[in-house]
Amino acid sequence: MAQNNPYFKITKTMVSKNIVSNYLQELHQSLKEKLTKKSFEIYPFERTYEDNPKAIGKEVISSKLSFTGLDESFHKYNSRLLLLGEPGGGKSISMIKFAIQKVEERLKTQRSLLPIFAEIYTWTEIYNDRKEISQESIIHWLAKQTNQNEEFINKDFLQKQIREKKVLLLLDGLDELPLNVSQKPQDPNAPREDYRAQFIETLNSLDGFQQVPMVISCRRRDYEEITGNDNNNPLKLNGAVVLNRLSEAEIKQYVTSNSIFKDNQQGARLWNLLDNSPDLLKMVRTPFLLYTLISTYQNQESDGEVKQFSRVSTHEQLFDRFIEQGFSREKDKKENRTQQNLPCSSAEELKEKLGAIAVVMMSDSEPDNTKIEEPIFSKVIPQLEQRHAFTRLARTIQLLFETSEKQVYCFRHLLLRDYFAFRYAN
């Protein structure tokens, strides 16, 4: 009988080639979708990176190394890399583009590493269950990332692949794990946890982790805060790089290119405004804020509005203008076409409700969850019909987007979520 033949025996450490192939195809498609949602437009910048050995506890050399593209730094540091950057700087976009490249390499040849891409915030069981983090739990979480049509790459196979250094772990957003979370939310004196530090500790102790190829991303200041605590250790990796901010030359080339504005002179006028507004130019040296600036500037209708624009010096002021302008545009559309009211009477009310939602998301009961699901919405907007109208408005203004899960939303960027939460709390 075939089942008695050892060559036909399927063990826990074996997995169907079809399952791996299906996973890679699904991953490739989902990464392409994420790229579209996260980047608005695909920025044509050739991003540069600078090494930062201090971040992983290594000696700082006198002359810093620079890299063009994440792949170059990945190979320089023998496939084990920490990626740091500013909020809105393009870390996730860099990770997704790199992941797409590695998936395509694996689809061409099985000799390439098997990419496992995971957004770290999805590891929700570590704080939902308030339990100790174990090596088994992280392997289980990584295996769950390979789900397609209820088929998974099983844990034993994945652990074996990690030990044999045949997997490439691409872990995005260490800073999105919760920090300062009470183990007992009802008790103000209960111990508090920093799950970012626990995540690092778990990865450092994972069997086979010292050799497995990996790229992990984090906001620079968050990582410095974590490792600045004497009780916490840095990630044990071969190298660390910082994603450089956009240069003035890159910004000038981008805003004055013919592909951005219908009116060729509009880009030149925007650059002139930036060139004469040092604070504004300094602020938009990240792709997300540059996009927000361009979107807002495109709708300035008078010289007076453009002049006022030059006074914007913080991303909070920029977001205020972006939201107020988007709300005004949608209000005019409603009044002209349907005579119906928007679900919010003003941009201020829209910001207030999004602030309340952001605060609920970041509370101890829902620590740093980046998804907005029905239970969160219902705490702020109890009526179902109003919730649906509200999400439509927020999506149209590009403040929220719907995830691959139906009626589950995220803020367009964590900078927006933090802006709304801070504004609401104050």
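FYI, the numbering for the sequence shown is 12 to 437, going by the numbering used here. Where is the CB? At the ideal position from N, CA and C, for every residue including glycine.
{"Item": "What residue does the alpha helix (DSSP H) around Ile127 start on, and which one ends it?", "Value": "Here Ile127 belongs to no alpha helix (DSSP H); instead the beta strand (DSSP E) covers 125–130."}
{"Item": "Can you tell me which of the three DSSP states Gln14 falls into?", "Value": "For Gln14, the pLDDT reaches just 44, beneath the cut-off of 50, and the residue's location in the model is therefore unreliable, leaving the point undetermined."}
{"Item": "Taking the alpha helix (DSSP H) that Val370 belongs to, which residues open and close that run?", "Value": "358–372"}
{"Item": "Do the region 276–290 and the region 396–407 meet, that is, are 3 or more Cβ pairs less than 8 angstroms apart?", "Value": "no"}
{"Item": "If the criterion is Cβ atoms closer than 7 angstroms, does the pair Glu61 and Lys75 meet it?", "Value": "yes"}
{"Item": "So, with DSSP's three-state summary, where would you put Tyr302?", "Value": "helix"}
{"Item": "Of all the alpha helix (DSSP H) runs that stay within the bounds of the region 251–294, which reach a length of 4 or more residues?", "Value": "259–266, 275–286, 289–294"}
{"Item": "Name the DSSP beta bridge partners of Glu204, please?", "Value": "Val192"}
{"Item": "Would you call the region 166–183 and the region 360–371 in contact, with 3 or more CB pairs under 8 angstroms?", "Value": "no"}
{"Item": "Excluding sequence positions up to five away, which residues of its chain have a Cβ less than 8 angstroms from the Cβ of Leu248?", "Value": "Ile67, Tyr88, Arg91, Leu92, Leu93, Met225, Ile227"}
{"Item": "How many Å lie between Leu185 and Glu416 at the Cα?", "Value": "22 angstroms"}
{"Item": "Taking C-beta to C-beta, are Arg122 and Leu35 nearer than 7 angstroms?", "Value": "no"}
{"Item": "The alpha helix (DSSP H) that contains Ser77, what's its start and end?", "Value": "Ser77 -> not in any alpha helix (DSSP H); beta strand (DSSP E) instead, spanning 77–79."}
{"Item": "For my contact list, Ile111 and Leu214 are in at a C-beta cut-off of 8 angstroms; report their separation, rounded to the angstrom.", "Value": "Contact doesn't hold; Cβ gap of about 23 angstroms is too wide."}
{"Item": "Between Glu385 and the rest of its own chain, which residues show a CB-CB distance below 7 angstroms, the 5 nearest in sequence each way excluded?", "Value": "Gln418"}
{"Item": "Just mark His86 as buried or exposed, buried being the case when its beta carbon has 16 or more other beta carbons within 10 Å.", "Value": "exposed"}
{"Item": "Measuring alpha carbon to alpha carbon, tell me which residue in Asn283, Ala369, His326, Ser306 is nearest Ala432.", "Value": "Ala369"}
{"Item": "Under 8 angstroms: do the region 153–167 and the region 206–222 share three or more Cβ pairs, one atom per stretch?", "Value": "no"}
{"Item": "Which first and last residues belong to the beta strand (DSSP E) in which Arg231 is found?", "Value": "First-last for Arg231: 231–239, but that is the alpha helix (DSSP H), not the beta strand (DSSP E)."}
{"Item": "In terms of DSSP beta bridges, what is Arg91 paired with?", "Value": "Met225"}
{"Item": "Out of Arg256, Ser216, Lys345, which one is the CA nearest neighbour of Leu301?", "Value": "Arg256"}
{"Item": "Whole angstroms are fine: how far does the CA of Gln156 sit from the CA of Lys23?", "Value": "Annotation note: pLDDT 48 at Lys23 (below 50); position unreliable, coordinate value reported separately. The straight-line gap from Cα to Cα measures roughly 18 angstroms."}
{"Item": "Tell me which residues share the same chain as Lys113 and place their Cβ nearer than 8 angstroms to its Cβ, disregarding the 5 neighbours each side in the sequence.", "Value": "Ser123, Leu124, Pro126, Leu179, Leu181"}
{"Item": "I'd like the span of the beta strand (DSSP E) that includes Phe422, first residue to last.", "Value": "420–422"}
{"Item": "Do you know offhand how far His424's Cα is from Gly99's?", "Value": "7 angstroms"}
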